[in-house]
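First the structure, in the form of structure tokens, and then the observations on it.
Residue numbers (the numbering used here), protein chains in the order written: chain A, 4 to 223; chain B, 4 to 223.
Below is the structure:
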């Protein structure tokens with residue numbers, strides 16, 4: 004019998020690929036998205052819904068707009084402008100939303116136990132580690148430990164891309180026929196991908212290096 | 004210079020005492036309460052506000068009603084009736100809200116880093132461990148580790164009552180002149196404390212054993 008899992012699904016490339024990998028490897032009993040008051044929530048969440056509807060997966064969209072109201076980050080609607088330049092640059096640190104993965108994983112963990120599922124899948128990958136402390140392996144291991152100790156059902160944290168970078172994620176996704184035209188990355192959240200912010204850089208690069216055709220329209 | 008902390012404040016005896024201990028030992032830069040859709044939120048949160056206003060502490064009330072909508076627990080408005088009997092009884096397990104402390108600590112951790120504070124104080128105590136997995140020391144240690152690894156500022160988790168039971172908490176609070184008439188315990192959330200549910204039993208017992216006068220009106 005396959006392990007029952009809940010997938011954290013933002014509507015970006017990593018989480019949409021994680022959803023497809025999970026559909027192959029586990030029994031996906033639900034996906035969970037967060038409206039946390041970011042500039043690009045309105046762009047990415049509809050793509051999360053798209054993949055859930057297409058695959059018959061129950062989808063919960065959590066109102067976590069308290070983050071947008073109380074937290075400081077350029078990623079949030081009330082924050083400063085999104086910086087441009089490559090992801091690894093010091094300036095991209097302004098896009099960190101403090102402990103965002105910790106918060107999303109905790110809520111998913113409680114939901115997971117409530118619906119009788121056994122694990123939570125997150126698409127965090129090895130390329131994320133540089134600027135986001137709550138994407139690092141060490142954090143994921145500590146959080147996994149907390150989730151197991153803090154629940155009756157010993158809820159597992161499953162990170163399928165822990166040793167994989169974004170280029171490899173695109174290759175895996177292409178193999179699973181993931182439609183990347185139905186995913187969103189750009190932090191600015193305008194009508195089209197800006198092509199200039201860190202996450203657009205990373206998106207372009209992943210397609211280029213993987214050799215998979217990039218279906219995205221970029222502003223620049 | 005004193006450590007700047009955020010206090011998790013439900014409006015119950017433990018967290019209100021933790022607030023007063025923190026005012027003595029740390030610089031309290033904020034308190035945070037959660038409306039998570041429980042039957043007694045409407046009773047306890049006003050007491051949280053009372054102690055914050057009295058002591059000039061900024062108070063954030065987080066809308067976490069997604070828990071009330073999605074999670075299963077008799078503690079929640081949409082759940083079954085609150086069982087009666089002593090806290091340690093098997094029936095009281097129905098009051099567990101899955102990973103509630105994990106969720107509240109994660110949100111407090113992100114808020115803590117956003118406002119430049121250094122630690123999060125929680126009033127969990129040694130008597131809590133029996134039925135709630137996310138009150139156990141092992142969980143608190145794992146969560147503390149996750150919070151430090153998942154933030155730039157190495158946010159600390161501070162548990163002043165980790166080796167103390169509720170009786171001792173009341174003694175400590177009485178020494179700090181905590182007004183326990185301005186606290187709420189009863190899970191049923193009616194006009195007065197029922198006196199029959201697990202948390203009412205525990206409240207009565209803590210006053211009796213500590214020798215501190217109990218200012219509470221109980222229905223029975």
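Glycine included, every Cβ here is placed at the ideal spot set by N, Cα and C.
Just so you know, these numbers come straight off a predicted model, no measurement behind them.
Checklist entry - Going by other Cβ atoms of all chains shown within 10 Å of its Cβ, with 16 needed for buried, is residue 75 (chain B) buried or exposed? => result buried
Checklist entry - Which residues, in chain order, does the region 119–144 of chain B contribute to contact with chain A at a C-beta distance below 8 angstroms? => result 136, 137, 139, 141 and 142
Next on the checklist: Taking contact to mean 3 or more Cβ pairs, one atom from each stretch, closer than 8 angstroms, check whether the region 130–141 of chain A and the region 124–132 of chain B are in contact.
Outcome noted: no
Next on the checklist: My output table needs one value for residue 96 (chain B): the three-state DSSP class, helix, strand or coil.
Outcome noted: helix
Next on the checklist: For the region 91–105 of chain B against the region 58–65 of chain B, do three or more pairs of beta-carbon atoms, one drawn from each stretch, fall closer than 8 angstroms, so that the two count as touching?
Outcome noted: no
Checklist entry - Do residue 207 (chain A) and residue 217 (chain A) have their C-beta atoms closer together than 8 angstroms? => result yes
Checklist entry - Are the Cβ atoms of residue 221 (chain B) and residue 196 (chain B) separated by less than 8 angstroms? => result yes
Next on the checklist: Quick check on the DSSP output: the beta strand (DSSP E) that includes residue 124 (chain A) runs from which residue to which?
Outcome noted: It spans 122–124 - the beta strand (DSSP E) in which residue 124 (chain A) sits, taken as one unbroken run.
Next on the checklist: Residues of the region 53–66 of chain A in Cβ contact with chain B at a cutoff of 8 angstroms, in chain order, please.
Outcome noted: 63, 65 and 66
Checklist entry - What's the C-alpha gap between residue 12 (chain A) and residue 143 (chain B)? => result 27 angstroms
Checklist entry - Of all the CB atoms in chain B, is at least one closer than 8 angstroms to the CB of residue 95 (chain A)? => result no
Next on the checklist: At the level of alpha carbons, what is the spacing between residue 203 (chain A) and residue 219 (chain A)?
Outcome noted: 10 angstroms
Item to check | Neighbouring residues, chain B, relative to residue 42 (chain A) (Cβ below 8 angstroms) | outcome: The contacting residues do not exist; residue 42 (chain A) stays about 17 angstroms from chain B at best.
Next on the checklist: Quick check: the region 108–124 of chain A against the region 79–94 of chain A, are at least 3 beta-carbon pairs closer than 8 angstroms?
Outcome noted: no
Item to check | Strand pairing of residue 31 (chain B), partner residues [DSSP] | outcome: Under DSSP, the beta-bridge partners assigned to residue 31 (chain B) are B:8.
Checklist entry - Less than 8 angstroms separating the beta-carbons of residue 94 (chain B) and residue 190 (chain B)? => result no
Next on the checklist: Can you give me the C-alpha to C-alpha distance between residue 167 (chain A) and residue 80 (chain B), rounded to a whole angstrom?
Outcome noted: Using only the alpha carbons, I get a separation of about 43 angstroms.
Next on the checklist: Check whether chain A comes within 8 angstroms of residue 112 (chain B), counting only Cβ atoms and requiring the distance to be less than that.
Outcome noted: yes
Checklist entry - Which residues in chain B sit within 8 angstroms of residue 149 (chain A), going by Cβ to Cβ distance? => result 105, 142, 145, 146, 148 and 149
Item to check | Rounded Cβ spacing between residue 126 (chain A) and residue 17 (chain A) (contact assumed at less than 8 angstroms) | outcome: 4 angstroms
Checklist entry - What residue from A:128, A:68, A:19 and A:9 has the CA that sits closest to residue 187 (chain A)'s CA? => result A:19
Item to check | residue 154 (chain A): contacting residues in chain B (beta-carbon distance under 7 angstroms) | outcome: Here the neighbours are 101, 102 and 136.
Item to check | Beta carbon of residue 8 (chain B) nearer than 8 angstroms to that of residue 171 (chain B) | outcome: no
Next on the checklist: Using only the alpha-carbon positions, how far apart do residue 41 (chain B) and residue 211 (chain A) sit?
Outcome noted: 50 angstroms
Checklist entry - Nearest to residue 119 (chain B) by CA position, among A:140, A:109, A:153 and A:73, is which residue? => result A:73
Checklist entry - Can residue 223 (chain A) and residue 54 (chain A) be called in contact, C-beta distance under 8 angstroms? => result Using a Cβ distance threshold of 8 angstroms, residue 223 (chain A) and residue 54 (chain A) do not count as a contacting pair.
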